[in-house]
């Protein structure tokens, strides 16, 4: 009985060993499989992270390339600005040298001008109280044959229309001593004094009609003291009176033989008499006075179709004739002449 019990115990122990071994193998398989699944998941995570890092690297590379291009453009712009700055400095230096050269030339020119002796023109007629300072800038008395047409109507007595009208009732002596007429005499002498000695001249006076002031009936010689003195004497005894027939004075000048090369007119406003029909009426309108000047201009164009005789006008003041200066300017400008309205202090 005792031997039989021993055999059963050995068989049970062997089965236990087999069971334990089988359990151990199963456990090992479970552990291995678990590790394989865990490694696969980690690999997937790593691959995902790697792909993300590769994408970030590409983005960073693109940004770096953009920054590199921007830096290149900035460097190029900076170089261009440096080139412009160098060019500007060069131009500035050139201008500085040019300015210095011009200053030196101006200094030399100023020195040369100071050394020049300016000759004062010799007047053919002595005028008391006048001198070189009284020359009008822009007005030159010149020409081969110079005609001076002087207004000696009543309006040449005073600068205001009201007082000039009252002068009709003054005596000849009073009108001769009137301030505006005295100024007219000085203007006439001023012109006479500056006629070139090689020129010929004729002084013509006009009011209602025209007449020769200078001696004789034709051209006088500026080199002849008798002609100069006779002109001064004749104009000094004139008494301003009557209307203003500029047309008569101009026709007399234009009809001279040979014809004048330069004409100087001394007056104070638009004409009041002439050949136009409107001038025959008892009262004359401003429009009619403008027409009278227009008739003179038309006649001048017929005599000188090329307009090659300059008309210069010295316009003394007169109130109530606002359009005179503009109309005389148009007339003179057409002939390449001048219109001057001198100050009260001249001449």
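Numbering (this note's numbering), first residue to last: 141 to 487. A virtual CB, placed ideally from N, CA and C, is assigned to each residue, including glycine.
In the three-state reduction of the DSSP assignment, residue 458 falls in the coil class.
Across the structure, residue 428 and residue 384 are spaced so that their CA atoms are roughly 13 angstroms apart. By the Cβ neighbour-count rule, residue 161 is exposed, with fewer than 16 other Cβ atoms within 10 Å of its own. Distance from the CA of residue 289 to the CA of residue 369, rounded to the nearest whole angstrom, comes to 18 angstroms. In the displayed model, residue 480 falls within a strand according to three-state DSSP.
Under the 8 angstroms Cβ criterion, the region 385 to 395 counts as touching the region 409 to 419, having at least three qualifying pairs. Taking all protein chains in view, the Cβ of residue 392 is crowded by 16 or more other Cβ atoms within 10 Å, so the residue is classified as buried. In the pairwise beta carbon analysis, the region 309 to 322 is classified as not touching the region 426 to 440: fewer than three pairs are separated by under 8 angstroms. Residue 317 is classed as exposed because its beta carbon has fewer than 16 other beta carbons within 10 Å across all chains shown. Nearest in C-alpha terms to residue 468, of all of 204, 450 and 484, is 450. In the three-state reduction of the DSSP assignment, residue 291 falls in the strand class. Taking C-beta atoms as the reference points, residue 372 and residue 456 fail to come closer than 9 angstroms. Judged by DSSP in its simplified three-state form, residue 444 adopts coil rather than helix or strand. In this structure, DSSP gives residue 465 a helical state, which the three-state scheme calls helix. Closest option to residue 284, judged by alpha-carbon separation, among 331, 400 and 330: 400.
When DSSP reads this structure, residue 340 sits in a beta bridge with 285 and 361. Taken in chain order, the complete alpha helix (DSSP H) segments of 4 residues or longer contained in the region 289 to 323 are 301 to 306 and 312 to 316. For residue 350, there is no enclosing alpha helix (DSSP H); the enclosing beta strand (DSSP E) covers residues 350 to 352. Under DSSP, residue 401 shares a beta bridge with no residue. In the structure shown, the three-state DSSP call for residue 371 is helix. For residue 377, the closest of 303, 324 and 171 by C-alpha to C-alpha distance is 324.
In this structure, residue 286 lies near residue 340, with their beta-carbon atoms less than 9 angstroms apart. Collapsing the DSSP output to three states places residue 470 in a helix. Closest option to residue 486, judged by alpha-carbon separation, among 397, 319 and 346: 319. Here DSSP, grouped into helix, strand and coil, assigns residue 449 to coil.
DSSP places residue 393 inside the alpha helix (DSSP H), whose first and last residues are 386 to 394. With fewer than 16 other CB atoms across the displayed protein chains lying within 10 angstroms of its CB, residue 417 is exposed.
Less than 9 angstroms divides the Cβ of residue 403 from the Cβ of residue 452. Between the alpha carbons of residue 294 and residue 444 lies a distance of about 31 angstroms. Taking a C-beta distance under 9 angstroms as the contact criterion, residue 471 and residue 433 qualify as a contact pair.
Rounded to the nearest whole angstrom, the C-alpha separation of residue 352 and residue 344 is 5 angstroms. A straight-line Cα-Cα distance of about 14 angstroms links residue 477 and residue 466. Residue 439 places its beta carbon 9 angstroms or farther from that of residue 379. Cβ atoms of residue 396 and residue 358 come within 8 angstroms of each other, at about 7 angstroms. In this structure, the beta-carbon distance from residue 459 to residue 306 does not fall below 9 angstroms.
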